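Here the structure is laid out as structure tokens; the discussion comes afterwards.
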Amino acid sequence: MKDMNAPKIALYSLALLAALTLLSCASSPERSRGSLSDAMDKARDDNEGSRGVPDSPSRDDDPWGDDSRDSSRDRGHGRNDDSGGGYGDSGSADAPITLGDGTEGLCFGVRGAWDLASSEPWAAPFDLDLLLGVSGDEGEVVGYAGLRVVDPAETSAFAASIDDSAGILRAGVEFRWFPLPSLEYLSPHIELGLGGFTMMWTYRNALTAGDETIAGDSLGGLHVSAGAGISLARWSRAEFGVRLVTEAYLFGDTTGEGFVNDFFSPLGVVKIAGEVMLR
-11 MKDMNAPKIA
-1 LYSLALLAAL
9 TLLSCASSPE
19 RSRGSLSDAM
29 DKARDDNEGS
39 RGVPDSPSRD
49 DDPWGDDSRD
59 SSRDRGHGRN
69 DDSGGGYGDS
79 GSADAPITLG
89 DGTEGLCFGV
99 RGAWDLASSE
109 PWAAPFDLDL
119 LLGVSGDEGE
129 VVGYAGLRVV
139 DPAETSAFAA
149 SIDDSAGILR
159 AGVEFRWFPL
169 PSLEYLSPHI
179 ELGLGGFTMM
189 WTYRNALTAG
199 DETIAGDSLG
209 GLHVSAGAGI
219 SLARWSRAEF
229 GVRLVTEAYL
239 FGDTTGEGFV
249 NDFFSPLGVV
259 KIAGEVMLR
């Protein structure tokens, strides 16, 4: 007998992971330091001027406003609420999640990808995700967390401003549908994904902002994907597949160090991925 609560716990955890990731992309830095293009120019080897950048308090130093004064009053609400719907409610809390005929269960796996095309001249020598989710006959809900390493083309402005490669950490949730669930071999599927990411890099030459030295920076954003794939074999305990995926990295407005993003445009990628899933 399968533990029907386990898929539900996994699904809730994945939804929380995606929400926290997207919230982290919207955080505001404490300092305002001008444009990112200016910072990239000053980090280049051929910069003959100062490597100093502006340094002033962010206009949004108190993102919570006056509402933070009420947080202590709100924290306790609901903990001892006997009106129903709490954590101890046995009504719908034990209802199983179904994806198809109710034979769902936990699944986990790994996948690697290779680029076919990219909107920016960035090679990706490493692209790997770890997977955890809920799998049923007709669909899957899969959380992913992974790393993509990018090497900008030597002639690009990005390559001239950073030291070596940049890394993209991403996490989110994918929703998959299998239109022919009875097929054990060569079973097709389509998918949609939504998550967040953070790209990190080290400047080729450190910048200065007041008394602070800025050696590197980061920029978050939204990660969306759509694709189609074929499960070469879809057994009860294992699944092997290949996928053709289009994905987009939509960069945020401000870096972690407080530079306004006028440097990065949305990145589009088409890639092929190989995947192994175990149940």
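Just so you know, we're using my numbering here: the sequence shown kicks off at -11 and counts up by one.
Ideal placement from N, C-alpha and C gives every residue a C-beta, glycine not left out.
In this text the structure is predicted, and so the values were computed from the model without any measurement.
| Asked | Found |
| --- | --- |
| Taking the alpha-carbon positions, what's the residue 275 to residue 133 distance? | Absent from the structure is residue 275, since the part of the chain shown begins at -11 and ends at 267. |
| Between the beta-carbon of residue 272 and the beta-carbon of residue 239, is there less than 8 Å? | This structure does not reach residue 272, given that the chain is present from -11 up to 267, and the question cannot be answered. |
| Let me check understanding here. Comparing Cα to Cα, which of 118, 174, 212 and 193 lies closest to residue 152? | 193 |
| Using 8 Å for Cβ pairs, my map puts residue 186 next to residue 203. What's the rounded Cβ distance? | Not confirmed; about 17 Å, so no contact. |
| Residue 26 lies in the beta strand (DSSP E); which residues open and close that run? | Note, residue 26: premise wrong, no beta strand (DSSP E); alpha helix (DSSP H) at 24 to 30. |
| Could you have a look at residue 159 and say whether DSSP puts it in helix, strand or coil? | strand |
| Does the stretch 157 to 173 come close enough to the stretch 120 to 139 to have 3 or more Cβ pairs within less than 8 Å? | yes |
| When burial is assigned at 16 or more other CB atoms within 10 Å of the CB, is residue 167 buried or exposed? | exposed |
| Identify the continuous alpha helix (DSSP H) that holds residue 146 and give its terminal residues. | 145 to 149 |
| Starting from residue 176, follow the beta strand (DSSP E) in both directions and report where the run begins and ends. | 173 to 197 |
| Rank 111, 242 and 178 by C-alpha distance to the C-alpha of residue 215 and give the top, closest one. | 178 |
| Determine the extent of the beta strand (DSSP E) in which residue 140 is found, giving its start and end residues. | 127 to 140 |
| Across which residues does DSSP place residue 45 in a beta bridge pair? | 19 |
| Please state the DSSP three-state secondary structure of residue 227. | strand |
| Note the first and the last residue of the continuous beta strand (DSSP E) segment covering residue 37. | First-last for residue 37: undefined, no H or E at that position. |
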